[in-house]
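Working notes for the structure below.
2 protein chains.
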Amino acid sequence: MDDDDHRTGATAETTTLADVARAAGVSVATASKALNGRAHVSARSREAVLAAAAALSFTPNPFARALNRASTNTIGMLTSDLDNRFVLPILLGAEDAFGAGSLSVLLADARDSALREQLQLQSLLTRRVDGVLVVGRTTNPRPPMQAKPDVPVVYVYAPSTDEQDLSFEPDNELAGRIAVEHLVAAGRRRIAIVNGEDTYAAARDRLRGAAAAMEDHGLELVGNPGLVFGAWDESWGRQAAGRLLAAHPDVDAVVAGSDHIARGVMDAVRESGRRIPDDVAVVGFDNWDILVEGARPHLTSVDMNLQELGRLAAEALVESIEGRVRRGRIRNPVRLVARGSSGADS
Amino acid sequence: MDDDDHRTGATAETTTLADVARAAGVSVATASKALNGRAHVSARSREAVLAAAAALSFTPNPFARALNRASTNTIGMLTSDLDNRFVLPILLGAEDAFGAGSLSVLLADARDSALREQLQLQSLLTRRVDGVLVVGRTTNPRPPMQAKPDVPVVYVYAPSTDEQDLSFEPDNELAGRIAVEHLVAAGRRRIAIVNGEDTYAAARDRLRGAAAAMEDHGLELVGNPGLVFGAWDESWGRQAAGRLLAAHPDVDAVVAGSDHIARGVMDAVRESGRRIPDDVAVVGFDNWDILVEGARPHLTSVDMNLQELGRLAAEALVESIEGRVRRGRIRNPVRLVARGSSGADS
DNA sequence: CTGAAAGCGCTTACAG
DNA sequence: CTGAAAGCGCTTACAG
Chain F
1 MDDDDHRTGA TAETTTLADV ARAAGVSVAT ASKALNGRAH VSARSREAVL
51 AAAAALSFTP NPFARALNRA STNTIGMLTS DLDNRFVLPI LLGAEDAFGA
101 GSLSVLLADA RDSALREQLQ LQSLLTRRVD GVLVVGRTTN PRPPMQAKPD
151 VPVVYVYAPS TDEQDLSFEP DNELAGRIAV EHLVAAGRRR IAIVNGEDTY
201 AAARDRLRGA AAAMEDHGLE LVGNPGLVFG AWDESWGRQA AGRLLAAHPD
251 VDAVVAGSDH IARGVMDAVR ESGRRIPDDV AVVGFDNWDI LVEGARPHLT
301 SVDMNLQELG RLAAEALVES IEGRVRRGRI RNPVRLVARG SSGADS
Chain A
1 MDDDDHRTGA TAETTTLADV ARAAGVSVAT ASKALNGRAH VSARSREAVL
51 AAAAALSFTP NPFARALNRA STNTIGMLTS DLDNRFVLPI LLGAEDAFGA
101 GSLSVLLADA RDSALREQLQ LQSLLTRRVD GVLVVGRTTN PRPPMQAKPD
151 VPVVYVYAPS TDEQDLSFEP DNELAGRIAV EHLVAAGRRR IAIVNGEDTY
201 AAARDRLRGA AAAMEDHGLE LVGNPGLVFG AWDESWGRQA AGRLLAAHPD
251 VDAVVAGSDH IARGVMDAVR ESGRRIPDDV AVVGFDNWDI LVEGARPHLT
301 SVDMNLQELG RLAAEALVES IEGRVRRGRI RNPVRLVARG SSGADS
């Protein structure tokens with residue numbers, strides 16, 4: 001049925017190693033060695049082959065190659081749930097790193113199902129990927145994948161629960177810490193937190209970091225921060241901040257669990273008749289442009305460096321494939337971007 | 001250097017067609033035919049082979065297969081710029097469609113560079129993808145890719161300028177139209193538009209649709225809509241709406257070029273002392289949850305159905321690969337989601 | 001250094 | 001219906 005296609009497309013037009021060898025006046029064996037930079041080839045032959053290959057714009061058939069090599073120059077990127085905005089910068093960073101090394105990326109998404117994740121992994125392994133990058137949906141630790149022992153796996157965002165695996169996650173404890181440090185440096189002392197969902201490690205880690213930083217300065221978070229977990233949205237921020245200001249009118253800064261929450265907090269602060277940042281400073285997490293720049297004043301926020309995280313994880317995967325194996329949970333630094341909501345210019 | 005890996009991983013453990021054939025007591029030729037559902041195999045042999053394959057959990061080596069077939073069961077997804085939130089739902093829809101057909105997806109990103117796009121395409125073609133899905137960054141028409149004639153290409157979001165190509169885009173004109181229809185149905189007559197950047201086809205198309213719908217009702221957009229292009233952000237929305245309300249105090253509805261712009265518009269409307277939706281109704285585009293649900297009242301918005309768009313494009317690509325070729329620009333329907341900002345409940 | 005030959009794992013005419 | 005054989009395009013010992 002597709003006989004025609006077969007002739008025209010695949011067979012006829014493609015130039016093969018044999019063509020190159022013929023043009024260079026050598027055997028396919030030497031042509032192969034020359035192209036792959038192997039030893040035992042005279043400079044003369046090597047040049048002839050390279051020239052011929054260039055002239056014919058030869059690209060080796062990756063399938064024939066894969067049939068004879070351990071590696072396929074393909075890696076698998078397995079996302080838990082593509083429908084998640086945190087995944088995009090991570091993908092971007094990873095794609096960047098892989099692309100630089102001329103690795104191809106097979107994308108597979110688990111649509112937030114453990115069963116489907118296993119199937120997708122099998123599919124990737126069937127394609128003989130050299131390694132797999134597992135991109136989580138949250139930073140909550142997740143059970144390790146059941147890959148083949150000779151196929152390295154690196155986890156990003158959601159770390160593996162197995163410490164023998166290699167995982168990359170943003171340093172959420174540091175994030176909480178630098179949010180507080182920034183506020184303290186700006187002269188704030190009555191600092192409270194309006195957190196995200198307590199089922200998220202990110203929320204708990206940030207709280208821990210914030211509390212530790214306060215303690216370092218001989219301070220304490222206002223209210224009972226262990227109780228201020230809620231949802232990841234504006235309306236929770238509004239509601240919690242309203243309650244907070246009523247109970248503790250002297251609060252002079254709020255660390256919000258996310259930029260989204262921060263927007264709600266800012267609304268509530270304003271509605272209480274207080275000014276931002278004069279009376280109350282606000283800091284968020286994620287540094288999400290759309291929220292941060294839409295806020296008035298612009299929102300100070302902690303950037304989780306997700307693109308860098310993706311790139312680092314990808315590079316580590318490449319290293320693992322090359323035999324330089326690392327283990328453990330890497331917590332990648334984050335950085336605070338100061339803006340008007342905490343008294344910086346802009 | 002990786003001799004060990006080679007032995008352990010690739011060679012030793014993998015079960016091959018020969019193993020299956022042996023277990024089934026047939027030749028590899030019949031085993032192959034049976035597994036591929038070809039004719040000229042007795043029911044008896046077929047069953048034996050299938051059973052053996054299952055017992056040995058045989059998965060055919062995709063590279064050996066690709067060496068003998070025209071197709072590789074791999075498609076390329078070439079994004080213009082992954083760093084773009086519109087791309088995510090499209091990817092998701094496409095991945096869904098491809099995954100269902102057991103096609104693998106190679107992801108390549110052009111990082112918004114035409115040169116890099118060409119290189120990535122070459123890389124995909126070298127991998128012998130069966131087809132390529134080109135995902136644009138805007139809905140502005142773009143020059144066609146220089147692919148090989150036997151490798152189908154389908155464009156999503158950004159259509160190809162070549163009408164002989166197959167492209168899928170959201171119907172932006174319809175989007176403008178239904179925004180107006182909705183407002184008119186809600187009793188509004190003095191409707192104005194605060195648009196996005198005029199370099200975007202999406203902005204121009206929506207305006208055209210909105211104007212046409214007004215005309216259908218014997219109405220006209222308030223102000224000079226041709227002049228109300230600006231930026232895709234909140235502050236432009238705020239500024240333009242402020243100006244608009246000053247010049248035309250009787251405006252009773254605003255169509256905003258995006259949800260983001262709409263948020264700015266809503267702020268300005270409120271600041272002018274008007275109520276939403278009582279005095280002024282507002283409609284946005286994109287139906288972006290985070291903006292739409294963060295607004296007070298919730299923002300009525302036109303959903304561009306991007307996930308569906310991705311799925312449709314992917315399915316069309318599969319059809320093209322199978323020989324059922326379509327051409328032209330498909331404008332996919334969009335839908336309005338009514339919320340509080342235009343008087344609906346919630 | 002060089003090349004003939006075997007082999008990677010599969011598919012597909014082609015004889016039986 | 002069945003299987004021996006050739007072939008897909010490359011790589012890699014192994015002799016020269």
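The listed protein sequences correspond, in order, to chains F and A. If you count the first sequence from 1, position 213 lands on 213 in the UniProt record's numbering, and the numbers rise without skipping. If you count the second sequence from 1, position 284 lands on 284 in the UniProt record's numbering, and the numbers rise without skipping. We treat Cβ as the ideally placed atom computed from N, Cα and C, and that holds for glycine.
Could you give the DSSP three-state label for residue i: helix, strand or coil?
i	result
serine 57/A	coil
aspartate 19/A	helix
asparagine 332/A	strand
alanine 110/A	coil
isoleucine 276/A	coil
glutamate 169/F	strand
threonine 30/F	helix
methionine 266/A	helix
threonine 14/A	coil
aspartate 303/F	strand
alanine 24/F	helix
methionine 1/A	With a pLDDT of 35 at methionine 1/A, under the threshold of 50, the modelled position of that residue is not reliable, and the figure given next carries that caveat. Looking at methionine 1/A - three-state DSSP - the assignment turns out to be coil, as it is neither helix nor strand.
leucine 103/F	coil
valine 134/A	strand
valine 184/F	helix
With C-beta atoms as the reference, is residue i less than 7 Å away from residue j?
i	j	result
glycine 237/A	valine 265/A	yes
phenylalanine 63/F	leucine 306/A	no
alanine 253/A	leucine 183/A	yes
valine 154/F	alanine 316/F	yes
valine 283/F	valine 255/F	yes
valine 156/A	alanine 192/A	no
isoleucine 321/F	aspartate 130/F	yes
glutamate 163/F	arginine 208/F	no
alanine 52/F	alanine 24/F	yes
alanine 175/A	valine 292/A	no
leucine 50/A	valine 20/A	no
glycine 242/A	glycine 196/A	no
arginine 188/F	alanine 281/F	yes
asparagine 84/A	arginine 137/A	yes
valine 28/A	serine 45/A	no
Taking 7 Å as the CB-CB cut-off, is residue i touching chain F?
i	result
asparagine 66/A	A small correction: the amino acid at residue 66/A is alanine; asparagine does not occupy that position in the sequence shown. Alanine 66/A counts as touching chain F.
threonine 59/A	yes
serine 104/A	yes
aspartate 112/A	no
Kindly list, in the order they appear in chain F, the residues whose Cβ is closer than 8 Å to that of residue i.
i	result
histidine 260/A	Ile290, Gly294
alanine 275/A	According to the sequence displayed, residue 275/A carries arginine and not alanine. The premise fails here: arginine 275/A is roughly 17 Å from chain F at the closest Cβ pair, so nothing lies under 8 Å.
Assuming residue i and residue j make a contact with CB atoms under 8 Å, what is their CB distance in whole Å?
i	j	result
proline 141/F	alanine 158/F	7 Å
alanine 240/F	glycine 230/F	6 Å
valine 132/A	alanine 147/A	6 Å
serine 301/F	aspartate 345/F	With a Cβ gap of about 15 Å, serine 301/F and aspartate 345/F do not count as contacting.
glycine 310/F	isoleucine 90/F	4 Å
serine 104/F	serine 123/A	7 Å
aspartate 81/A	alanine 110/A	7 Å
residue 381/F	valine 180/F	In the structure as shown, chain F begins at 1 and stops at 346. Residue 381/F is therefore absent and cannot be evaluated.
arginine 326/A	leucine 166/A	5 Å
Going along chain A in order, which residues have a C-beta closer than 9 Å to the C-beta of residue i?
i	result
proline 62/F	Phe63, Ala66, Thr126, Arg127, Arg128
aspartate 83/F	Leu88, Pro89, Leu92, Gln307
Using a C-beta cutoff of 7 Å, does residue i count as contacting chain A?
i	result
leucine 78/F	no
Anything in chain A within Cβ reach of residue i, meaning under 8 Å, just list it in chain order.
i	result
serine 123/F	Ser102, Ser104
arginine 339/F	Under the 8 Å cutoff, chain A gives no residues; its nearest Cβ is about 14 Å from arginine 339/F.
Could you work out which residues of chain F lie near residue i, taking near to mean beta carbons separated by less than 7 Å?
i	result
glutamate 234/A	Gly294
leucine 133/A	The contacting residues do not exist; leucine 133/A stays about 12 Å from chain F at best.
Could you tell me which chain A residues have their CB closer than 7 Å to the CB of residue i, listed as they occur along the chain?
i	result
glutamate 95/F	Leu82, Leu107, Asp109
Just to make sure I have the definition right: I need the residues of chain F whose C-beta is within less than 9 Å of the C-beta of residue i. Which are they?
i	result
arginine 263/A	Gly294
Any heavy atom of the ligand NAP within a distance shorter than 6 Å of the CB on residue i?
i	result
leucine 317/F	As for the ligand NAP, it is missing from this structure, which has no ligand bound.
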